Amino acid sequence: DTAVSQTPKYLVTQMGNDKSIKCEQNLGHDTMYWYKQDSKKFLKIMFSYNNKELIINETVPNRFSPKSPDKAHLNLHINSLELGDSAVYFCASSELAGGLSYEQYFGPGTRLTVT
Amino acid sequence: KQEVTQIPAALSVPEGENLVLNCSFTDSAIYNLQWFRQDPGKGLTSLLLIQSSQREQTSGRLNASLDKSSGRSTLYIAASQPGDSATYLCAVKAGSARQLTFGSGTQLTVLP
Chain A
1 DTAVSQTPKY LVTQMGNDKS IKCEQNLGHD TMYWYKQDSK KFLKIMFSYN
51 NKELIINETV PNRFSPKSPD KAHLNLHINS LELGDSAVYF CASSELAGGL
101 SYEQYFGPGT RLTVT
Chain B
116 KQEVTQIPAA LSVPEGENLV LNCSFTDSAI YNLQWFRQDP GKGLTSLLLI
166 QSSQREQTSG RLNASLDKSS GRSTLYIAAS QPGDSATYLC AVKAGSARQL
216 TFGSGTQLTV LP
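Protein chains in written order, with the numbering used here: chain A, 1 to 115; chain B, 116 to 227.
The structure is reproduced here in structure tokens:
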């Protein structure tokens, strides 16, 4: 019954490694998002995909590469991890087409710790 | 560029008090505004969604208002309880992708 799910929930890795976070939504939404919450708890948009097409890339280093194999999935791959990448990453989904005011649903978050 | 500000950053009240959390945003061209709750180490729980054409929304002890022209929203919590202790986040939906821009949150502590 989980609407937006993310795996893994926790990820601890060393600097320089490459890692991926997966996100899936079963709400039939056409738009998915990745947000980053930093150590000061500030949430900021990173990427948005609509029907597998990238529509937002908010000045995120190109070490971060989102991939959307279909509109129900938006995975986040991070190359050459750095200490500053440590944060909680939230996936979200919403309906974009056909309406402007739909609610956005969030996943439980993935806490990434880079050592 | 849209900026969202929440005041106060932290608030501590005794149980039973009514309280108001404030949110302001710089660009009134929004689609909607959402209030979320975040418990420590947890994800986001959506509390209330106000469409840009609405003035307020109510859910139980919570009431959210929106004044789009002045760029302000308030979240009113009646008869606060210790279980209301959490960080409350305000977010506005705007932009071509309808992405959310978040405030920095108000950390609420309700003392028993």
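Even for Gly, the Cβ is constructed at its ideal location relative to N, Cα and C.
Since the structure is predicted, the reported quantities are computational estimates derived from the model, not experimental observations.
Bridge partners - residue i, DSSP secondary structure assignment
{"i": "residue 112 (chain A)", "result": "A:11 and A:87"}
{"i": "residue 42 (chain A)", "result": "In DSSP, residue 42 (chain A) forms no bridge with anything."}
{"i": "residue 128 (chain B)", "result": "B:225"}
{"i": "residue 219 (chain B)", "result": "Bridge partners of residue 219 (chain B): none, in fact."}
{"i": "residue 60 (chain A)", "result": "The partner list for residue 60 (chain A) (beta bridge, DSSP) is empty, contrary to what the question assumes."}
{"i": "residue 53 (chain A)", "result": "A:50"}
{"i": "residue 6 (chain A)", "result": "A:23"}
{"i": "residue 105 (chain A)", "result": "A:93"}
{"i": "residue 214 (chain B)", "result": "B:209"}
{"i": "residue 122 (chain B)", "result": "B:137"}
Residues near residue i by beta carbon distance below 6 Å, same chain, minus five either side
{"i": "residue 32 (chain A)", "result": "49, 74 and 93"}
{"i": "residue 79 (chain A)", "result": "18 and 63"}
{"i": "residue 133 (chain B)", "result": "193"}
{"i": "residue 76 (chain A)", "result": "21, 34 and 66"}
{"i": "residue 51 (chain A)", "result": "30 and 71"}
When the options are compared against residue i, the one with the closest alpha-carbon
{"i": "residue 130 (chain B)", "options": "B:153, B:162, B:148 and B:192", "result": "B:192"}
{"i": "residue 85 (chain A)", "options": "A:27, A:104 and A:36", "result": "A:36"}
{"i": "residue 140 (chain B)", "options": "B:224, B:215 and B:172", "result": "B:215"}
{"i": "residue 222 (chain B)", "options": "B:142, B:151, B:144 and B:117", "result": "B:151"}
{"i": "residue 224 (chain B)", "options": "B:169, B:205 and B:128", "result": "B:128"}
{"i": "residue 185 (chain B)", "options": "B:200, B:144 and B:205", "result": "B:144"}
{"i": "residue 113 (chain A)", "options": "A:76, A:102, A:55 and A:39", "result": "A:39"}
{"i": "residue 156 (chain B)", "options": "A:89, A:81 and A:58", "result": "A:89"}
{"i": "residue 116 (chain B)", "options": "B:165, B:227, B:211 and B:226", "result": "B:211"}
{"i": "residue 170 (chain B)", "options": "B:158, B:190, B:142 and B:153", "result": "B:190"}
{"i": "residue 154 (chain B)", "options": "B:187, B:226, B:219 and B:203", "result": "B:203"}
{"i": "residue 95 (chain A)", "options": "A:29, A:54 and A:9", "result": "A:29"}
{"i": "residue 5 (chain A)", "options": "A:42, A:23, A:103 and A:72", "result": "A:23"}
{"i": "residue 196 (chain B)", "options": "B:180, B:206 and B:227", "result": "B:227"}
{"i": "residue 119 (chain B)", "options": "B:201, B:142 and B:136", "result": "B:142"}
Extent of the continuous beta strand (DSSP E) to which residue i belongs
{"i": "residue 67 (chain A)", "result": "64 to 70"}
{"i": "residue 19 (chain A)", "result": "19 to 25"}
{"i": "residue 188 (chain B)", "result": "187 to 192"}
{"i": "residue 33 (chain A)", "result": "31 to 37"}
{"i": "residue 96 (chain A)", "result": "Where residue 96 (chain A) is concerned, there is no enclosing beta strand (DSSP E), given that its DSSP letter is neither H nor E."}
{"i": "residue 154 (chain B)", "result": "No beta strand (DSSP E) contains residue 154 (chain B), which DSSP labels as neither H nor E."}
{"i": "residue 75 (chain A)", "result": "73 to 78"}
{"i": "residue 139 (chain B)", "result": "134 to 140"}
{"i": "residue 203 (chain B)", "result": "201 to 209"}
{"i": "residue 165 (chain B)", "result": "159 to 166"}
{"i": "residue 179 (chain B)", "result": "177 to 182"}
{"i": "residue 172 (chain B)", "result": "171 to 174"}
{"i": "residue 117 (chain B)", "result": "First-last for residue 117 (chain B): undefined, no H or E at that position."}
Own chain residues within Cβ distance below 7 Å of residue i, not counting five before or after
{"i": "residue 176 (chain B)", "result": "192, 193 and 194"}
{"i": "residue 167 (chain A)", "result": "This structure cannot speak to residue 167 (chain A), because chain A is shown only from 1 to 115."}
Contacts around residue i, its chain only, beta-carbon distance under 8 Å, and the 5 residues preceding and following it disregarded
{"i": "residue 174 (chain B)", "result": "162 and 163"}
{"i": "residue 118 (chain A)", "result": "Since the first and last residues shown for chain A are 1 and 115, residue 118 (chain A) lies out of range."}
Closer than 8 Å to chain C by CB, residue i
{"i": "residue 174 (chain B)", "result": "Absent from the structure: chain C. Protein chains present are A and B."}
Could you list the residues in the region 59 to 87 of chain A with a C-beta less than 9 Å from some C-beta on chain B, going in chain order? none
Please name the residues in the region 15 to 27 of chain A whose beta-carbon is closer than 9 Å to at least one beta-carbon of chain B, in chain order. none
Quick one: which residues of the region 194 to 216 of chain B get their C-beta closer than 8 Å to a C-beta of chain A? List them in chain order. 202, 204, 206, 208, 210, 211, 212, 213, 214, 215 and 216
Output, in sequence order along the chain, the residues in the region 134 to 161 of chain B whose CB is closer than 9 Å to any CB in chain A. 146, 147, 149, 151, 153, 156, 157, 158, 159, 160 and 161
Against chain B: residues of the region 29 to 40 of chain A by CB proximity under 8 Å: 31, 33, 35 and 40
Could you run through the region 175 to 194 of chain B and flag, in chain order, every residue whose CB is less than 9 Å away from some CB of chain A? none
If you measure beta-carbon to beta-carbon, which residues of the region 100 to 113 of chain A are closer than 7 Å to chain B? 100, 101, 103, 104, 106, 107, 108 and 109
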